[in-house]
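Just below is one structure, and these are the notes that go with it.
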Amino acid sequence: MAILAAVYHLTHYKYDRPVVLGPQVIRLQPAPHSRTKVLSHSLKVGPANHFVNLQQDPYGNFLARFVFPEPVTELKIEVDLVADMTVYNPFDFFVEPSAETFPFEYPEEIRDDLTIYRTPEPAGPLLEAFLKTLARHPTNTVNFVVDLNARLQREIAYIVRMETGVFSPEETLAAGKGSCRDSSWLLVQILRNLGIAARFVSGYLIQLKPDLVALDGPPGTATDFTDLHAWCEVYLPGAGWIGFDPTSGLLTGESHVPLAATPHFRNAAPISGMASFANVEFGFDMRVDRIAEHPRITKPFSDESWQALDALGVQVDAALQAGDVRLTMGGEPTFVSIDDFEAAEWNTAAVGPTKREKADALIRRLRERFAPGGFLHYGQGKWYPGESLPRWTFSLYWRTDGEPVWSDPSLIAHEKSEADVGPKQAEGLLTAIADELGIDNTMVSEAYEDQAEWLLKEGK
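For the sequence shown, this note's numbering gives the first residue as 35, with consecutive numbering after it.
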């Protein structure tokens, strides 16, 4: 089961005199096409003396039109919603074969319907120059749009911009920075100039602190938060409208809750309407709370449960120590590279281009952590019945009394080192060891593997 997130959104205007409000159009109800399931939603508007009509605009978005028959001294808008934050795969869609390769043509039966989403505004010189940098040779459509979205994230720095309005593509490109709505409108115009249907989307962004810190890529938010956000949606035959967020450079996911998706940003404003002149005190608040949080793989227990388990573990350790109980753990942990876990060396092959190097790094880190005076030994491991060759093993030995066995780990060659050693160096080392132990040097002898014997065994 997923996390249920409760969002509270307050917009509050206080006027220093009674004002006449024109019709106020509010687009703060999740859009019908939201892939994030919204379990409940409420909209509360004050003053209470008003008329309201619930409507849908020409693009299918929900809107509420409020009319205030008398002058007011405040306008207060409150939204409460509960979203099911079940994670979904944003790439879980199918693209028609006719549109798999860019450039492509939309089917004739929907081409006219998409005209408004494919007609760009006149392009300025900066946008024209940007468009010339885009390769037009045939390429995978999804990869093309994903790369374009990621490029905008790299080249257009994100800023928080409190003033109203949206930058034109020329302004955003000239500044090299913009708000989420600026970069999203830029992406819409770029796609339309390429013949791809795109629309502007406003909505809520619900960011929850991840259970685990990512090993690579962005670490995510440090705290739970929510805010109004903007992104772009692209129409791909077979897949439908797919969300792309140029602020993050990623596809939209369960954290994106659309409120309005329109051909132009003017029709996607969360609140629009006129008011007579007055000095205004503006209040704004957004917060998100986890109202239900079920056990999951990345967080099987609550913080309170973890604390109770840790406390119990301390008690168990104390009881075992008091009873002089010694515990050992058998079994062999299996380590697999996170970078290329499907390669043969992590599945079937004994060695490969990186396995021994990573094993070398791991055993040295274990030495630093558990046995700084330990001795590293790289040699033959277990030889299982039925296997033609023994396993290889990297071993670590240390004394339980803390006395060092080996002081200088740099004398153990790293796997990738270019140490020029051979039989002569091995003979010299063994001879020196024999002298140190008072053993006759004649006891040092060469050893050879009988290749013929193994050829016979393999032949049988």
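In this text, a Cβ means the ideal position worked out from N, Cα and C, and glycines have one as well. All values reported here derive from a predicted model rather than from experimental measurement.
- For S213, the closest C-alpha among the options A248, V359, L262, G254 is that of L262.
- By the neighbour-count criterion, in which a residue is buried when 16 or more other Cβ atoms sit within 10 angstroms of its Cβ, G283 is buried.
- Three or more Cβ pairs closer than 8 Å define a contact, and the stretch 44–60 falls short of that threshold against the stretch 325–334.
- Closest in alpha carbon position to S76, among D126, V41, Y140, is V41.
- With distances taken between CA atoms, E204 lies nearest to D216 out of I276, V194, D216.
- Assignment of beta-bridge partners to Y49 by DSSP yields V314.
- For N227, the enclosing alpha helix (DSSP H) covers residues 214–227.
- Comparing C-alpha distances from L285 to each of A117, H46, P92, F127 shows the shortest one belongs to F127.
- The stretch 103–122 makes contact with the stretch 68–87; the number of CB pairs closer than 8 Å reaches 3 or more.
- DSSP places R145 in no beta strand (DSSP E) but in the uninterrupted alpha helix (DSSP H) bounded by 142–145.
- Under the DSSP definition of a beta bridge, P292 partners with G237.
- Taking C-beta atoms as the reference points, P280 and Q187 count as a pair closer than 7 Å.
- A contact is defined here as three or more CB-CB pairs under 8 Å, and the stretch 463–478 fails this definition with respect to the stretch 430–450.
- For A65, the closest of L38, A294, L400 by C-alpha to C-alpha distance is A294.
- Taking the Cα of E288 as reference, the smallest distance to any Cα among T296, G277, H298, P297 is reached at G277.
- In this structure, DSSP gives K110 an extended state, which the three-state scheme calls strand.
- Contact check for I111 and I240: beta-carbon distance about 19 Å, past the 8 Å limit, so the pair fails to qualify.
- According to the DSSP assignment, Y151 belongs to the alpha helix (DSSP H) that extends over 149–152.
- With respect to P271, E139 sits apart: the two C-beta atoms are not nearer than 7 Å.
- Only exposed fits E470, as fewer than 16 other CB atoms lie within 10 angstroms of its CB.
- Between S310 and the set S202, D337, V106, K211, the nearest pair of CA atoms involves V106.
- F299 sits in a helix when the DSSP states are folded into three classes.
- With a 10 Å radius around the Cβ and a threshold of 16 neighbouring Cβ atoms, I230 comes out buried.
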